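Just below is one structure, and these are the notes that go with it.
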Amino acid sequence: MIPAAFDYHRPASLADALSVLDELGWDAKLLAGGQSLIPAMRFRLAEPTAIVDLNGLAELERFEEADGYLHIGALVRHATIADSGLARERYPLLADAAAVIADPLVRNRGTVGGSLIHADPAGDWGSVMLAYRAELAVRRVDGDRIVPIDELFVTTFMTSLEPSELVTSVRIPAAGTGQGGAYEKLERKVGDFATVGVAAQIALAPDGTVGAVGIGLTAVGATNLRAAAAEQELLGSSADEAAIASAAARAAAESNPSADGRGSEEYKRDMVRVLTARALRRSVERARGTV
Amino acid sequence: MITGQELGGLGCSVKRKEDARFIRGQGKYVDDVQLPNMTYLHLVRSPFAHARIERIDTSAALEIPGVLAVITGEDLAKANLSWMPTLSHDQQMVLATGKVLFQGQEVAAVVGETRFAAADGAAAVRVDYEELPVLIDPHQALEPEAPILREDREEQTNHIFHWESGDREATDRIFSEADVTISQDMLYQRCHPAPIECCACVADWDATNEKMTIWMTSQAPHAHRTVFALVAGLPEHKIRIISPDVGGGFGNKVPVYPGYVCAAVASLTLGRPVKWTEDRTGNLSSTGFARDYHMRADLAATKEGEIRALRVKTLADHGAFNAAAQPSKFPAGLYNICTGSYDLENAFVEVDGVYTNKAPGGIAYRCSFRVTEAAYLIERAVDVLADELGMDAAELRRKNFIQPDQFPYETSLGWTYDSGDYEAALDRALEIVGYEDLLREQEEKRARGEIMGIGISSFTEIVGAGPGKTFDILGLEMFDSCEVRVHPTGKVLARIGVQTQGQGHETTFAQILAEELGIPVADITVEHGDTDTAPYGLGTYASRSTPVAGAATAIAARKIRDKAKKIAAHVMEVAEEDVEWKDYAFRVKGAPDRSVSMADVAFAAYTNTPQGVEAGLEAVNYYDPPNLTFPFGTYVCVVDVDKGTGEWKVRRFVAVDDCGTVINPMIVEGQIHGGLTEGFAISAMQLIDFDENGSIIGSNFMEYLLPTAVETPTWETDQTVTPSPHHPIGAKGVGESPCVGSPAAFVNAVVDALSPFGVRHIDMPITSYKVWKALREAGVAD
Chain X
2 MIPAAFDYHR
12 PASLADALSV
22 LDELGWDAKL
32 LAGGQSLIPA
42 MRFRLAEPTA
52 IVDLNGLAEL
62 ERFEEADGYL
72 HIGALVRHAT
82 IADSGLARER
92 YPLLADAAAV
102 IADPLVRNRG
112 TVGGSLIHAD
122 PAGDWGSVML
132 AYRAELAVRR
142 VDGDRIVPID
152 ELFVTTFMTS
162 LEPSELVTSV
172 RIPAAGTGQG
182 GAYEKLERKV
192 GDFATVGVAA
202 QIALAPDGTV
212 GAVGIGLTAV
222 GATNLRAAAA
232 EQELLGSSAD
242 EAAIASAAAR
252 AAAESNPSAD
262 GRGSEEYKRD
272 MVRVLTARAL
282 RRSVERARGT
292 V
Chain A
222 MITGQELGGL
232 GCSVKRKEDA
242 RFIRGQGKYV
252 DDVQLPNMTY
262 LHLVRSPFAH
272 ARIERIDTSA
282 ALEIPGVLAV
292 ITGEDLAKAN
302 LSWMPTLSHD
312 QQMVLATGKV
322 LFQGQEVAAV
332 VGETRFAAAD
342 GAAAVRVDYE
352 ELPVLIDPHQ
362 ALEPEAPILR
372 EDREEQTNHI
382 FHWESGDREA
392 TDRIFSEADV
402 TISQDMLYQR
412 CHPAPIECCA
422 CVADWDATNE
432 KMTIWMTSQA
442 PHAHRTVFAL
452 VAGLPEHKIR
462 IISPDVGGGF
472 GNKVPVYPGY
482 VCAAVASLTL
492 GRPVKWTEDR
502 TGNLSSTGFA
512 RDYHMRADLA
522 ATKEGEIRAL
532 RVKTLADHGA
542 FNAAAQPSKF
552 PAGLYNICTG
562 SYDLENAFVE
572 VDGVYTNKAP
582 GGIAYRCSFR
592 VTEAAYLIER
602 AVDVLADELG
612 MDAAELRRKN
622 FIQPDQFPYE
632 TSLGWTYDSG
642 DYEAALDRAL
652 EIVGYEDLLR
662 EQEEKRARGE
672 IMGIGISSFT
682 EIVGAGPGKT
692 FDILGLEMFD
702 SCEVRVHPTG
712 KVLARIGVQT
722 QGQGHETTFA
732 QILAEELGIP
742 VADITVEHGD
752 TDTAPYGLGT
762 YASRSTPVAG
772 AATAIAARKI
782 RDKAKKIAAH
792 VMEVAEEDVE
802 WKDYAFRVKG
812 APDRSVSMAD
822 VAFAAYTNTP
832 QGVEAGLEAV
842 NYYDPPNLTF
852 PFGTYVCVVD
862 VDKGTGEWKV
872 RRFVAVDDCG
882 TVINPMIVEG
892 QIHGGLTEGF
902 AISAMQLIDF
912 DENGSIIGSN
922 FMEYLLPTAV
932 ETPTWETDQT
942 VTPSPHHPIG
952 AKGVGESPCV
962 GSPAAFVNAV
972 VDALSPFGVR
982 HIDMPITSYK
992 VWKALREAGV
1002 AD
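Going line by line, the protein sequences match chains X and A. Terminal number for the first sequence in the numbering used here: 292, no gaps in between. Terminal number for the second sequence in the numbering used here: 1003, no gaps in between.
Have a look at this one:
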């Protein structure tokens, strides 16, 4: 388990990082938490010629509410969110997901930005950010832009970002009243990739009907998927059992899982149904303040 | 007067002496060995399960800076070392010549100045393969169109052996006239012990003194020394094996592996020390796996539930070489212990072993040579019979137990059980778990559509090999040994022939000596693992340390006491026949206040010996047990099933073990926790699987699953004590019982939960997916 040789860069500033990336292009791999990259290198599945280590860049560690958003810096560790009172009180979907990512060792090192850019459909943050309708703040040497989460994932391990671009943070709309979310994950054991995961985020209208809803699905397609038809099904409903059941059935139909050691396609589709219903129920309870 | 408690004698929960270094991170494992001029070895492994080797090109590897040598099978063949004997009368390749027979097989060894150079060199070795048809399913091994895997053998067949035990005709006769019969196919799946520390060695050839020292992860250093002497032709007194701290073995570190041989050859060739440290993928894909027994169990019974006969047919998948590291005379080891805890009229067992394109092994994983498969088979089959009869599973067991007054009990398959009280253990377990209340709760839950299950396993173990006439490794009879020296100041150095891998020998063997010699545990050092200093022994596996070396330790101590008694009489100026050993001291009969301690006697042994008595106070014993020991117990497991996802969770697990006399209750409890956790892992999640190309699925911890503290249930342990009548201190061995006995309890519980839906058996590992499938097939959904 020894990686092939590579060059190592550790930029001292964001500007340095961006110019190194600009220069190296596709040859460089970004090292954030390293929880996917390093195992891949040790198996020699990835043999990058250069590593750009971002861990010296404190400006990527922002985690705060400002300007109507919660900003999550690209280097924020999963454990920071799992341990955060702010997440637990105002962003339960974030707290739920952070607590079930891999194991404590991975959570201590792994980062939100690294996980998103790795674009593994079994990653948990992709579904969470789809449910929150998050946006990514992206920088390059000669500019910056905002990328909506729905435009990020191209296919497995591939995003729409250019090799010269760097995600500095992710932002989600600041929490308000009548909102609730939940993450449901089925895994064979702690540390396993999800068999299926479902992220749900709901905002209730003043009349108690569903005013906004986001549902993201983990490990049931080439990327994290938005369950758009399920969202439509639920929107404007009173989020009762019947509405939840038919939204869950829609989410199952929208998913596109593959069979593996965890189970058949049929099983995973049914797990989308079961977990979507459970995530929606908990989201509604949280939105109504009943839990 | 000193007490047993003060000494830390038998029955005391003495804190483990070895933990001081382990907890501080001061343990010394093979990879911690640092020598000047060290070189590093990296193995090139086959990507194919079955392929002819057309060409091996080492030139690019040799050009990499720091690469010192590349060794191939052809190189080893020149020294007649490309094959080595296995412990099961077969041979296996060290480095492949001609063809490869499983994915991950060792093809070449690259030695470098650094680990990195060796790894880069291995990546640069080019091997051209011609792929051959792959044989993965053992059921196809004997079909006429199956590819013949072992071209080196005289017999051109994939069939390795047929073995039977018992009276086929008499058993068949009982089946033909029985009121009730059941037949159940079950697979004890291929799994792997996956010790935390993978295999490793440092081979250091000292050309001046012509001596080979090998530090290696070995459960049996002496046996390995003899194997090295026989295989490599080095004189045995010029080989020293040191097995330092070992990070778990579970049977995985009993065989000699190609990496060890390659490192020794490389050190002989280069004249420098060579370190080989296996990675996880290498460990999971090429070293001793466990089980892979495809079993059918038939039971015949009366309609009242009296079990009359057992019939077993088994296909054993041994992989590419029969390298099962087991010392019995029988190709299926102790598998015919499968009549378990029950008094049957007759039984018959047959096993056929076959080759497939998988890694060799088959004995490992906390198992006394196939008792694990046997215990699972009978405890599962009894539940199937209970279902057939509509009888309570506890009641059926109780009705058929061998009774306490039947011991020593001769089974119909030839074993003589030493002692047991099976009903007492069952009663205790049922009482602790509250069985009657659970049955009521289950009935209520079923009425509400909730799913819970209760599983029982009343297993009997067989541990402590020898006797030497029945068990040997390449002819070496399976005795074990202890050598004790009492120093002049009353401190003790003891060396034993067995080798700890976490069992706590440094503590428990000191406790045996404390009890026998009246010397405090703190004053006793126990050493092992260095063949230049420890007495010859066959090693630690199959729960044999306490039954065999533990007995040797007690007897060596008693030899010391015999000599010490003469000296005590001399010191107290009385006749020897007036002296007795009582309350941990030598006392004058009738005047117990006149006494001398062992420490006093030890000083006299070096300063004031009586005439005709040699100075010094030492003894050695090589113990050949008259029989094995037969620990037992009852486990009860309660599970709740999630109808939506198929997940099953263990709500309660009660384990009542009987391992005879307990030396250290805390260590026994730790052993039981560990073994139950491994039994749970096997039942719930562990499988070494292969795709149709023979590629291994499960060669890393993302696919081969080890439970964490989150999945692991809470264990409730208790005990009964039925000493072994033939062991000097009545102890039986316990390390493997929980892993042997528990899988049936988990499976019986899940199957019981699903029994209202017509489910009678599910093969391990019982995944959520399998439960979901059973539920949906029965029309149950969330």
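Where a beta carbon is used, it is the ideal one built from N, C-alpha and C, also for glycine. These figures come from a predicted structure and were not determined experimentally.
- Residue 479 of chain A counts as buried, since at least 16 other C-beta atoms from the protein chains shown sit within 10 angstroms of its C-beta.
- The beta-carbon of residue 282 of chain X is placed no less than 8 Å from the nearest beta-carbon of chain A.
- In the displayed model, residue 171 of chain X falls within a strand according to three-state DSSP.
- The straight-line gap separating the alpha-carbon atoms of residue 905 of chain A and residue 986 of chain A is approximately 5 Å.
- Cβ-Cβ distances below 6 Å link residue 115 of chain X to 33, 34 in the same chain, with the five nearest sequence neighbours on each side left out; the list follows chain order.
- Per the C-alpha coordinates, the member of X:63, X:139, X:174, X:158 positioned closest to residue 129 of chain X is X:174.
- For residue 263 of chain X, the chain A residues whose Cβ falls inside 8 Å of its Cβ are 988, 990, in order along the chain.
- In the DSSP assignment, residue 432 of chain A forms a beta bridge with A:427.
- Using a C-beta cut-off of 8 Å, the segment 66–76 of chain X makes no contact with the segment 39–53 of chain X, since fewer than three inter-stretch Cβ pairs fall below that distance.
- The segment 269–278 of chain A makes no contact with the segment 497–510 of chain A: fewer than 3 CB pairs, one atom from each, lie closer than 8 Å.
- Residue 929 of chain A sits exposed, since fewer than 16 C-beta atoms from the chains shown fall within 10 Å of its C-beta.
- If you ignore the 5 residues before and after residue 779 of chain A, its C-beta comes within less than 8 Å of the C-beta of 737, 949, all in its own chain and listed in chain order.
- With a threshold of 8 Å between beta carbons, residue 865 of chain A makes contact with chain X.
- For residue 967 of chain A, the secondary structure class from DSSP, reduced to helix, strand or coil, is helix.
- Counting along the chain, residue 887 of chain A sits inside the alpha helix (DSSP H) bounded by residues 886–905.
- With a cutoff of 8 Å on beta-carbon distance, residue 803 of chain A and residue 838 of chain A are scored as not near each other.
- Here the segment 972–990 of chain A makes no contact with the segment 710–727 of chain A; the two share fewer than three CB pairs at distances below 8 Å.
- At a cut-off of 8 Å, the C-beta of residue 57 of chain X has no neighbouring C-beta in chain A.
- Neighbourhood of residue 634 of chain A in chain X, by CB distance below 7 Å: empty, with the nearest CB roughly 37 Å away.
- Under a criterion of Cβ atoms nearer than 9 Å, no residue of chain A is adjacent to residue 46 of chain X; the nearest Cβ is some 11 Å distant.
- Per the C-alpha coordinates, the member of X:145, X:124, X:245, X:56 positioned closest to residue 154 of chain X is X:124.
- Legend: CB atoms of the segment 931–949 of chain A lying less than 9 Å from CB atoms of chain X belong to residues 931, 932.
- Between the alpha carbons of residue 990 of chain A and residue 240 of chain X lies a gap of roughly 29 Å.
- Taking a Cβ-Cβ threshold of 7 Å, none of the residues of chain X is close to residue 228 of chain A; the smallest such distance is about 42 Å.
- With contacts defined as CB atoms closer than 8 Å, residue 538 of chain A and residue 575 of chain A qualify as a contacting pair.
- According to DSSP, residue 226 of chain X shares a beta bridge with X:218.
- Residue contact with chain X for residue 344 of chain A: present (Cβ-Cβ distance below 8 Å to some residue of chain X).
- Residue 265 of chain A and residue 306 of chain A have their C-alpha atoms some 22 Å from each other.
- Here the segment 695–702 of chain A does not lie against the segment 888–902 of chain A, with fewer than 3 beta-carbon pairs under 8 Å apart.
- Residue ranges of uninterrupted alpha helix (DSSP H) with 4 or more members are absent from the segment 309–339 of chain A; none lies entirely inside it.
- Taking a Cβ-Cβ threshold of 7 Å, none of the residues of chain A is close to residue 73 of chain X; the smallest such distance is about 26 Å.
- For a Cβ distance threshold of 7 Å, residue set 336, 337, 340 of chain A lies close to residue 3 of chain X, ordered along the chain.
- Of all residues in the segment 183–205 of chain X, those with a C-beta nearer than 8 Å to a C-beta of chain A are 187, 189, 190, 191, 192, 193, 194, 196, reading in chain order.
- Taking the C-beta atoms as reference points, residue 19 of chain X is found nearer than 8 Å to residue 167 of chain X.
- For residue 268 of chain X, the neighbours in chain A by C-beta distance under 9 Å run, in chain order, 867, 989, 990, 993, 994, 997.
- Unbroken alpha helix (DSSP H) stretches of 4 residues or longer found wholly inside the segment 433–464 of chain A: 442–453, given in chain order.
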